[in-house]
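Enquirer: So the protein sequences, as listed, match chains A and B. Sequential numbering from 11 applies to the first sequence in this note's numbering. Sequential numbering from 236 applies to the second sequence in this note's numbering. Even for Gly, the Cβ is constructed at its ideal location relative to N, Cα and C.
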Amino acid sequence: MTAFVRDQWYVAAYSREVGRELLGRTILGEPIVFYRTGDGEAVGLADRCVHRRFPLSESRLDGDTIVCGYHGFTYDSGGSCVFVPGQQRIPRTARVAAYPVVEQDSFVWVWIGDRAKADPALIPRAPWLADPNYTTVSGMEPLNARYMLLVDNLMDLSHETYLHGGYIGTPEVAETPIQTEVDEDSGIVYVSRHMDDAACPPFYAKSTGIEGRITRWQDIEYHPPCLYLLHSRIAPQGVYPPAEGPDDQAFHVEVVYAITPSTENTTYDFWAVARDFALDDEEVSRFLHSNNHTVVMQDVTALNLLEQVLVKEADGYQELSINIDTGGLAARRILKRMAERSRPEGAVTS
Amino acid sequence: MLTGPRVYRVDWVLGTDRLRGFCFCGTSYDAEDPIELWAWLLAHPDSHGGTGPTEPEPADPPSGTVRDRQPVPA
Numbered sequence: 011m012t013a014f015v016r017d018q019w020y021v022a023a024y025s026r027e028v029g030r031e032l033l034g035r036t037i038l039g040e041p042i043v044f045y046r047t048g049d050g051e052a053v054g055l056a057d058r059c060v061h062r063r064f065p066l067s068e069s070r071l072d073g074d075t076i077v078c079g080y081h082g083f084t085y086d087s088g089g090s091c092v093f094v095p096g097q098q099r100i101p102r103t104a105r106v107a108a109y110p111v112v113e114q115d116s117f118v119w120v121w122i123g124d125r126a127k128a129d130p131a132l133i134p135r136a137p138w139l140a141d142p143n144y145t146t147v148s149g150m151e152p153l154n155a156r157y158m159l160l161v162d163n164l165m166d167l168s169h170e171t172y173l174h175g176g177y178i179g180t181p182e183v184a185e186t187p188i189q190t191e192v193d194e195d196s197g198i199v200y201v202s203r204h205m206d207d208a209a210c211p212p213f214y215a216k217s218t219g220i221e222g223r224i225t226r227w228q229d230i231e232y233h234p235p236c237l238y239l240l241h242s243r244i245a246p247q248g249v250y251p252p253a254e255g256p257d258d259q260a261f262h263v264e265v266v267y268a269i270t271p272s273t274e275n276t277t278y279d280f281w282a283v284a285r286d287f288a289l290d291d292e293e294v295s296r297f298l299h300s301n302n303h304t305v306v307m308q309d310v311t312a313l314n315l316l317e318q319v320l321v322k323e324a325d326g327y328q329e330l331s332i333n334i335d336t337g338g339l340a341a342r343r344i345l346k347r348m349a350e351r352s353r354p355e356g357a358v359t360s
Numbered sequence: 236m237l238t239g240p241r242v243y244r245v246d247w248v249l250g251t252d253r254l255r256g257f258c259f260c261g262t263s264y265d266a267e268d269p270i271e272l273w274a275w276l277l278a279h280p281d282s283h284g285g286t287g288p289t290e291p292e293p294a295d296p297p298s299g300t301v302r303d304r305q306p307v308p309a
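1. By the 8 Å beta-carbon criterion, what residues does the region 238-261 of chain B contribute toward chain A?
2. Which residue wins for smallest C-alpha separation from residue 264 (chain A), given the options A:353, A:299, A:243, A:54?
3. Which residues in chain B have a C-beta closer than 7 Å to the C-beta of residue 333 (chain A)? List them in chain order.
4. Using a Cβ-Cβ cut-off of 8 Å, state whether residue 13 (chain A) counts as contacting chain B.
5. Using a beta-carbon distance below 8 Å, is residue 192 (chain A) in contact with chain B?
6. Measure the C-alpha to C-alpha separation of residue 269 (chain A) and residue 12 (chain A) and round it to an integer number of angstroms.
7. Rounded to whole angstroms, what is the Cα-Cα separation between residue 260 (chain B) and residue 102 (chain A)?
8. Could you spell out where the alpha helix (DSSP H) holding residue 196 (chain A) opens and where it closes?
9. Going along the region 335-350 of chain A in order, which residues come within less than 8 Å of chain B, judged by CB to CB distance?
10. Between residue 273 (chain B) and chain A, is there a C-beta pair that is closer than 8 Å?
11. Between the Cα of residue 80 (chain A) and the Cα atoms of A:41, A:238, A:65, which residue gives the shortest distance?
12. Can you name, in chain order, every residue of its own chain whose Cβ lies under 7 Å from the Cβ of residue 125 (chain A), other than the five neighbours on each side?
13. Identify whether residue 158 (chain A) lies in helix, strand or coil by the three-state DSSP scheme.
14. For residue 109 (chain A), decide whether its Cβ has a neighbour in chain B, counting only Cβ atoms nearer than 8 Å.
15. Let me confirm a value: residue 165 (chain A) is counted as buried when at least 16 other C-beta atoms fall within 10 Å, else exposed. Which label applies?
16. Can you give the Cα-Cα distance for residue 299 (chain A) and residue 276 (chain A), rounded to whole angstroms?
17. Does residue 168 (chain A) get closer than 8 Å to chain B when you measure Cβ to Cβ?
18. Nearest chain B C-beta to residue 134 (chain A) closer than 8 Å, yes or no?
19. Could you check the C-alpha separation between residue 347 (chain A) and residue 170 (chain A) for me, to the nearest Å?
20. With 16 as the cutoff for other CB atoms within 10 Å, does residue 243 (chain B) come out buried or exposed?
21. Scan the region 217-269 of chain A and note each continuous beta strand (DSSP E) run of 3 residues or more that stays entirely inside, going in chain order.
22. So residue 195 (chain A) contacts chain E; which residues on that side make the cut at Cβ distance below 8 Å?
23. Considering only the beta carbon of each residue, do residue 21 (chain A) and residue 280 (chain A) sit closer than 8 Å?
24. Considering just the uninterrupted stretch of the beta strand (DSSP E) at residue 150 (chain A), what are its terminal residues?
25. Sorted by chain position, which residues of the same chain lie with C-beta nearer than 6 Å to residue 130 (chain A)'s C-beta, five sequence neighbours on each side aside?
26. Tell me the rounded alpha-carbon separation between residue 235 (chain A) and residue 18 (chain A).
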């Protein structure tokens, strides 16, 4: 099983999920409670009262402080304890960890690892999600599977033909050769599948209004460990970007996934679909949300099943990789390398 | 398309089951097994190359890409 990659930013929630209600999430095995202060600042604190480990996410907010629901230990937004019951002296160790939190591109990102290395400039971008020139539908599904299974799934889209037939899959996806690139320095993996003449799956036929066959490009850009971008270009067959000027004869969909490990065998599957057409068409938004949710749930069902199988397998189980796995293999290698580099000194791995 | 100085590229050779890997040092290798191909690429400079990055050759676009595009009728 691939170890967690620490010293990284992870998507913990959508900004819309973090408000004046306490939100508990477990990221890389670390329970964290999120809320928003009266001034609008998103806060992430360790989700265990220092006293008897009661979950602060099951407690209550009082102004910008959290009052533990068990004995009343009270913490400010920096994690310092400002009140303990029945006595004046607050023990020096009475504090919970405060996590670095950044809101960007509609996500709440949290840093897991050495706080001194938490540079917001390292957060990869998904600008379409907060761009008024795009309309976005999005959601999050908890996955009862290790995060690597979702990485494998997303890096090889040939599965669309079989798992998502009738939604986003057509025969050409599995039949079209891919080109894979890896930037060894940045760790980015790029997988391109350009279908010159393909059937238009219902997902795009109904949302774009295109009738007939299409030229369909899928360009994956994976920023390990958390952010996955799929640049999807759909146009009537034979219509290519002009040499100059905007590519305005095509429809563009930016599919964004944030792959956030929760525990060794569970993952948060954040998904978003941003489009540059039919911006104000509520019916298209409803259709794309419903359809993409169905597709995500097809993946969730398959990966949950796969996790149940793998967890019973002995270590070193046999796999077979073929051409379609070229990008997934590259992603696995980079994640393994990142995990090794981020392991705390002296840590023992199994 | 990635443009950094150390980019590995693997093309699925059109009409075949072969993969062709290009190292950033300019050498290439064909294989029918992606694991074998990655092993060769990542063994730079032991299995090939030996010098630092060179100017990468222009990449062929993914299949389905048309380079000489005709104007698109509105």
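Expert: Considering the structure as presented:
1. 239, 240, 241, 242, 243, 244, 245, 246, 247, 248, 249, 252, 254, 259
2. A:243
3. 247, 252, 254, 269
4. no
5. yes
6. 14 Å
7. 57 Å
8. Residue 196 (chain A) -> no alpha helix (DSSP H), and no H or E assigned at all.
9. 335, 336, 339, 340, 343
10. yes
11. A:65
12. 110
13. helix
14. no
15. buried
16. Linking residue 299 (chain A) to residue 276 (chain A) through their CA atoms gives a straight-line distance of about 23 Å.
17. no
18. no
19. 29 Å
20. buried
21. 224-233, 237-246
22. Annotation note: the requested chain E is absent from the structure, which comprises protein chains A and B.
23. yes
24. 145-153
25. 112
26. 8 Å
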